[in-house]
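Okay, so here's the structure we're looking at.
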Amino acid sequence: MASTYSFDVVSDFEWQEIVNALDQTEREVKSRYDLKDTKTTLELAKDAITVNTDSEFTLDAVCTILQTKAAKRQLSLKIFDYGKIESVGGNRVQQVISLRRGISSELAKDITKLIRAEFKKVQGSIQGDTVRVSAKSKDDLQAVMQRLKAEDWQVDLQFTNYR
9 MASTYSFDVV SDFEWQEIVN ALDQTEREVK SRYDLKDTKT TLELAKDAIT
59 VNTDSEFTLD AVCTILQTKA AKRQLSLKIF DYGKIESVGG NRVQQVISLR
109 RGISSELAKD ITKLIRAEFK KVQGSIQGDT VRVSAKSKDD LQAVMQRLKA
159 EDWQVDLQFT NYR
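So the sequence shown is numbered by the working numbering: it starts at 9 and just counts up by one.
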């Protein structure tokens, strides 16, 4: 009997790396001369980061620092979903940056459609916020991985549970 091989396509990030990147961002904001007196706060929730500062210019600088720190920690910038900039009391602004985790159902459908169209011997199935890809040949699975990496998706994709 021929065995089948599979892997999962997921979109996830290491939580501790987000915590570390946020901590480094806070330290740099407190130590930088141009940002020291802005009373900028960064709050990490389960699925979002809230940045509260004194102006849009400062907010842009803080977001740039956050992106730099995240990139140095091998976090994809595609996990950040920037919300609208809101004015809060006392001439301050606030922005909620949502953290993307998981593959949306529309994206999962697009991935399985691409697999069906280009790889006849490979099956893709949607399982919640992951896509399970299976085939009889490991070479076919490697080809699917290379093809998915070549595409520019709106989220960062990882491949797990390779069996």
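Beta carbons are placed, not taken as given, at the ideal position from N, Cα and C, and that holds for glycine.
- In the structure shown, the three-state DSSP call for Asn-99 is coil.
- For the pair Gln-102 and Val-96, the CB atoms are nearer than the 8 Å cut-off.
- Its chain contains Gln-102 as the residues whose beta carbon lies nearer than 6 Å to that of Glu-94, once the 5 sequence neighbours on both sides are disregarded; these appear in chain order.
- For Tyr-170, same chain residues with a beta-carbon under 7 Å away, outside a window of 5 residues either side, are Phe-15 in chain order.
- Sequence-distant Cβ neighbours of Leu-30 in its own chain, meaning closer than 6 Å and more than five residues away, are Leu-50, Leu-52.
- A contact is defined here as three or more CB-CB pairs under 8 Å, and the region 85-94 fails this definition with respect to the region 130-145.
- Annotation for Val-37: Leu-43, Thr-48, Val-70, Ile-73 place their beta carbon closer than 7 Å to its own, counting only its chain and skipping 5 residues before and after.
- Rounded to whole angstroms, the Cβ separation of Ala-143 and Gln-131 is 7 Å, and the two are in contact under 8 Å.
- Residue pairing by DSSP places Gly-132 opposite Val-141 in a beta bridge.
- Within the same chain, Cβ atoms closer than 7 Å to the Cβ of Asp-20 are found at Arg-109, Gln-166, the five residues on either side in sequence being excluded.
- Per DSSP, the unbroken beta strand (DSSP E) holding Ser-14 starts and ends at 13-18.
- Taking each of Asp-118, Val-59, Lys-117 in turn and checking the Cα distance to Tyr-90, the smallest one comes out for Val-59.
- Following the DSSP letters along the chain, one finds Asp-118 inside the alpha helix (DSSP H) bounded by residues 113-126.
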